[in-house]
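Student: Sharing a structure with you now.
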Amino acid sequence: MRLALLAAVAVMACASHAFAQTSEAERVMAATVVAEHDRHIALLERMVNQNSGTLNLPGVRAVGEMLRPELEALGFQVGWLEMAETGRAGHLVATHSGAGRNILLIGHLDTVFEVDSPFQTFVRDGDMATGPGVGDDKGGVVVILSALRAMQAAGTLKDANITVFLTGDEERTGAPLSISRKDLIEAGKAADFALEFEGLAMEDGKDFGTVARRSSTNWTLTTGGRTGHSSGVFNETLGYGAVYELSRILDSFRRDLREPNLTYNVGVMAGGTPATLDADGFRVTASGKTNIVAETAVARGDLRALTPEQEARARDRMQAIVADHLPRTTAELAFGETGYPPMAPTEGNRDLLARLNAVNRDLGLPEMAEFDPARRGAADSGFVAADVPTLGGLGMAGSGAHAVGESVDLNSLTRQSQRAAVLISRLTHGRD
1020 MRLALLAAVA VMACASHAFA QTSEAERVMA ATVVAEHDRH IALLERMVNQ
1070 NSGTLNLPGV RAVGEMLRPE LEALGFQVGW LEMAETGRAG HLVATHSGAG
1120 RNILLIGHLD TVFEVDSPFQ TFVRDGDMAT GPGVGDDKGG VVVILSALRA
1170 MQAAGTLKDA NITVFLTGDE ERTGAPLSIS RKDLIEAGKA ADFALEFEGL
1220 AMEDGKDFGT VARRSSTNWT LTTGGRTGHS SGVFNETLGY GAVYELSRIL
1270 DSFRRDLREP NLTYNVGVMA GGTPATLDAD GFRVTASGKT NIVAETAVAR
1320 GDLRALTPEQ EARARDRMQA IVADHLPRTT AELAFGETGY PPMAPTEGNR
1370 DLLARLNAVN RDLGLPEMAE FDPARRGAAD SGFVAADVPT LGGLGMAGSG
1420 AHAVGESVDL NSLTRQSQRA AVLISRLTHG RD
């Protein structure tokens, strides 16, 4: 390790023009990341090969146990927050006490790939790797560890004040949120800055900063109507039936709610006599005849907004549309209890990106523009962004998240870890 670090420092010294504004400690951080690259790829492989689908509770805990000794070796106090009452494994929380400003680092241990998925193994092909959760978010967790180890080597971790919060249910949050996200929200309120390590946003070979994410909330629409022979549809006795009422509402959503950064998808729907939605909210069943007016119809979808105000406005407009019933029909729109609040594009978030771009300039890396929030999914950063300046997308670059073949560019681990190590050090020690 020492020989590799000396060699990496020599390489950085040869590139001194790019590091002209960095301190000696920051040059050591950058060199340490390079020297330890293979070590962290090996850690990523071990983590990916341990299935940690959200509902595989022992698997999620196993990934947490892989990380415990890594963090304890860096001087962190590591604990596990049990979340049995929410039906989830829990969260790993590690704290490093110091005199500096508190920096909250957010990632997650779980993936969307459960134990029955055919996609279970880390596979490397040169500078690319595929595997379940390799980017979302085990690659991001490895960036956190790589950055912290670089800080330790450079001496900037010694007095740093850092909280690492790795949730075990980011992909399918446990309910109620008042329990499953209570500790994360409190950690955000105690922090001076929050950094989220989901995947790096890229386009046309350029890196982008994430200063905003939209919310994600599920909704369920249920309509009812009088049933009877289809010859009586539209008359005073039967009215329009449940399917026409459902159609009216959904088409009104399509026509009347449009505004920038707001979307409202319909994921599944059915209508008939009867029509039902299963307990998990993922499957609908219906039966009926062409000559019977439908008694029940149901649809389920999501709502995504950029700010709390935009989401509240959309919900009110949706409820008003639902309330304007066709004759002899009923309708009810219910919003889910679990979901992600938005990470609005605040000045504090933009200031964090400006600080990151100062790091980029000093490291000789390209500056990063803001990424379009309409093209990013929701994340745990949304639970803290209302209370603390937050910057997202500090994990590895990759593609195909949530799909078989999910991949990462292993070279991105280097620049992301260097950026994170220097940024965290400057933030906690007050170098603006």
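Going by this note's numbering, the sequence shown opens with residue 1020, and the numbers climb by one from there. Glycine included, every Cβ here is placed at the ideal spot set by N, Cα and C. Treat the numbers as computed from the prediction; the structure is a model and nothing was measured.
Mind checking who T1242 pairs with in its DSSP beta bridge?
Tutor: One-based indexing of the sequence shown puts residue 1242 at position 223. BP columns for T1242 point to A1316, A1350.
Student: Enumerate in chain order the residues of its own chain whose CB-to-CB distance from S1116 is below 7 angstroms, with the five nearest sequence positions on each side excluded.
Tutor: Numbered from 1 along the sequence shown, position 97 holds the residue referred to as residue 1116. Excluding positions up to five away in sequence, the list reads N1180.
Student: Report the rounded CA-to-CA distance for A1318 versus V1287, giving the unit in angstroms.
Tutor: Looking up residue 1318 in the sequence shown gives position 299. Looking up residue 1287 in the sequence shown gives position 268. If I take the Cα positions, the gap works out to 6 angstroms.
Student: Round the Cβ separation of L1384 and R1434 to the nearest angstrom and send it over; I've been treating them as touching at under 8 angstroms.
Tutor: If you number the sequence shown from 1, residue 1384 lands on position 365. If you number the sequence shown from 1, residue 1434 lands on position 415. The Cβ separation is near 6 angstroms, so the contact holds.
Student: Measuring alpha carbon to alpha carbon, tell me which residue in L1432, G1187, N1310, E1222 is nearest H1248.
Tutor: Residue numbering aside, residue 1248 sits at position 229 when the sequence shown is read from its first letter. That would be N1310, whose Cα lies nearest to the Cα of H1248.
Student: Please classify E1425: does DSSP put it in a helix, a strand, or coil?
Tutor: Numbered from 1 along the sequence shown, position 406 holds the residue referred to as residue 1425. In the structure shown, E1425 sits in coil (DSSP, three-state: anything other than H, G, I, E or B).
Student: Exposed or buried, what is E1330 when buried is set at 16 or more other beta-carbons lying within 10 Å of its beta-carbon?
Tutor: If you number the sequence shown from 1, residue 1330 lands on position 311. Buried: at least 16 other Cβ atoms inside 10 Å.
Student: What does the Cβ neighbour count give for A1034, buried or exposed, with the cut at 16 atoms within 10 Å?
Tutor: For this step, residue 1034 is matched to residue 15 along the sequence shown. Low confidence applies here, because A1034 scores a pLDDT of 46, under 50, leaving its location unreliable and the question unanswered by this model.
Student: Is N1280 helix, strand or coil when you go by DSSP?
Tutor: The count along the sequence shown starts at 1 and reaches residue 1280 at position 261. Note: N1280 maps to coil in three-state DSSP.
Student: Select from D1399, A1220, H1421 the residue whose C-alpha is nearest the C-alpha of L1124.
Tutor: Walking along the sequence shown from the start, residue 1124 turns up at place 105. Closest option to L1124, Cα to Cα, is D1399.
Student: What number of angstroms, rounded off, separates the C-alpha of D1211 from the C-alpha of I1443?
Tutor: What you label residue 1211 is simply residue 192 of the sequence shown in a count that begins at 1. What you label residue 1443 is simply residue 424 of the sequence shown in a count that begins at 1. Roughly 11 angstroms separates the two Cα atoms.
Student: For E1389, which residues does DSSP report across the bridge?
Tutor: Within the sequence shown, the letter at position 370 stands for residue 1389. Beta-bridge pairing links E1389 to G1228.
Student: State buried or exposed for E1104, treating a residue as buried only when at least 16 other CB atoms are found within 10 Å of its CB.
Tutor: Start at 1 with the first residue of the sequence shown, and residue 1104 comes out as number 85. Exposed: under 16 other Cβ atoms inside 10 Å.
Student: Counting pairs of beta carbons, one from the segment 1090-1097 and one from the segment 1139-1156, are three or more of them closer than 8 angstroms?
Tutor: no
Student: Does Q1435 come out as helix, strand or coil in the three-state DSSP assignment?
Tutor: In the sequence shown, residue 1435 corresponds to position 416, counting from 1. Here Q1435 sits in helix by DSSP.
Student: Quick test of your reading: V1142 and N1075, contact by CB under 8 angstroms. State the CB separation rounded to the nearest angstrom.
Tutor: Counting from 1 along the sequence shown, the entry for residue 1142 is found at position 123. Counting from 1 along the sequence shown, the entry for residue 1075 is found at position 56. Wrong, their Cβ atoms sit about 20 angstroms apart, outside the cutoff.
Student: When you compare the segment 1330-1341 with the segment 1261-1273, are there three or more beta-carbon pairs, one atom per stretch, that lie closer than 8 angstroms?
Tutor: yes
Student: Measuring straight from C-alpha to C-alpha, what distance separates L1185 and L1240?
Tutor: By 1-based counting over the sequence shown, the position of residue 1185 is 166. By 1-based counting over the sequence shown, the position of residue 1240 is 221. Near 34 angstroms, if we compare the C-alpha coordinates of L1240 and L1185.
Student: Tell me the residue span of the beta strand (DSSP E) that contains A1220.
Tutor: Mapped onto the sequence shown, residue 1220 falls at position 201. A1220 -> beta strand (DSSP E) spans 1220-1222.
Student: Check whether the segment 1356-1372 and the segment 1250-1269 are in contact - that is, three or more C-beta pairs closer than 8 angstroms.
Tutor: Contact between the segment 1356-1372 and the segment 1250-1269 is absent: fewer than three C-beta pairs spanning the two stretches fall below 8 angstroms.
Student: I think R1347 touches R1267, with their Cβ atoms under 8 angstroms apart; what is that distance to the nearest whole Å?
Tutor: Residue mapping note: residue 1347 aligns to position 328 of the sequence shown, counting from 1. Residue mapping note: residue 1267 aligns to position 248 of the sequence shown, counting from 1. About 13 angstroms; that fails the 8 angstroms criterion.
Student: Under DSSP, the beta strand (DSSP E) around A1148 begins and ends at which residues?
Tutor: Locating residue 1148 in the sequence shown gives position 129, counting from the first residue. 1147-1149 is the span of the beta strand (DSSP E), which, as asked, contains A1148.
Student: Helix, strand or coil, according to DSSP, for N1075 in the structure here?
Tutor: As a working mapping, residue 1075 is identified with position 56 in the sequence shown. Coil, per DSSP.
Student: Determine the contact status of L1410 and L1214, defining contact as a CB-CB distance below 7 angstroms.
Tutor: The count along the sequence shown starts at 1 and reaches residue 1410 at position 391. The count along the sequence shown starts at 1 and reaches residue 1214 at position 195. Yes, they are a contact pair.
Student: In angstroms with no decimal places, state the Cα-to-Cα distance between A1353 and W1238.
Tutor: Within the sequence shown, numbered from 1, the residue matching residue 1353 stands at position 334. Within the sequence shown, numbered from 1, the residue matching residue 1238 stands at position 219. Those two C-alpha atoms are separated by around 6 angstroms.
Student: To the nearest angstrom, how far is the alpha carbon of R1302 from that of E1351?
Tutor: Residue mapping note: residue 1302 aligns to position 283 of the sequence shown, counting from 1. Residue mapping note: residue 1351 aligns to position 332 of the sequence shown, counting from 1. Roughly 19 angstroms between the two C-alpha positions.
Student: Just how far apart, CA to CA, sit L1025 and L1276?
Tutor: Against the sequence shown, residue 1025 aligns to sequence position 6. Against the sequence shown, residue 1276 aligns to sequence position 257. For L1025, the predicted model reports a pLDDT of 49, less than 50, meaning its position is unreliable and no value from the coordinates is stated.
Student: Are there three or more Cβ pairs, one per stretch, closer than 8 angstroms when the segment 1291-1307 is compared with the segment 1216-1228?
Tutor: They do not touch, by the three-pair rule.
Student: Are the CB atoms of R1200 and G1324 within a distance shorter than 7 angstroms?
Tutor: On the sequence shown, position 305 is the one that residue 1324 refers to. On the sequence shown, position 181 is the one that residue 1200 refers to. In the sequence under discussion, the amino acid at residue 1324 is Ala, which differs from the Gly named in the question. Taking 7 angstroms as the Cβ cut-off, A1324 and R1200 do not qualify as a contacting pair.
Student: Alpha carbon to alpha carbon, how far is T1447 from G1290?
Tutor: Numbered from its first residue, the sequence shown carries residue 1447 at position 428. Numbered from its first residue, the sequence shown carries residue 1290 at position 271. Rounded to whole angstroms, T1447 to G1290 spans 56 angstroms at the Cα level.
Student: Could you tell me which residues DSSP puts in a beta bridge with Q1096?
Tutor: If you number the sequence shown from 1, residue 1096 lands on position 77. In the DSSP output, where bridge partners are listed per residue, Q1096 has T1114.
Student: For V1183, which beta-bridge partners are listed by DSSP?
Tutor: Residue 1183 sits at position 164 when you count from the first residue of the sequence shown. For V1183, which the question treats as bridged, DSSP gives the partners A1113, L1124.
Student: Shortest alpha-carbon distance to V1423 belongs to which of P1137, L1429, N1376?
Tutor: In the sequence shown, residue 1423 corresponds to position 404, counting from 1. Of the listed residues, the one whose Cα sits closest to V1423 is P1137.
Student: Ordered along the chain, which non-local residues of its own chain (more than five positions away) have a Cβ less than 7 angstroms from that of G1174?
Tutor: Within the sequence shown, residue 1174 is the residue found at index 155, counting from 1. Within the same chain, G1174 has close Cβ partners A1044.
Student: Whose C-beta lies closer than 6 angstroms to the C-beta of H1036 among residues of the same chain, with five residues either side of it excluded?
Tutor: Indexing the sequence shown from 1 puts residue 1036 at position 17. At H1036, the pLDDT of 47 sits below 50, so the modelled position is not reliable; the number obtained from the coordinates is stated separately. Closer than 6 angstroms at Cβ, skipping near neighbours: no residue.
Student: State the start and end residues of the unbroken alpha helix (DSSP H) segment that holds T1051.
Tutor: Start at 1 with the first residue of the sequence shown, and residue 1051 comes out as number 32. Taken as a continuous stretch (DSSP letters only), the alpha helix (DSSP H) holding T1051 covers 1043-1054.
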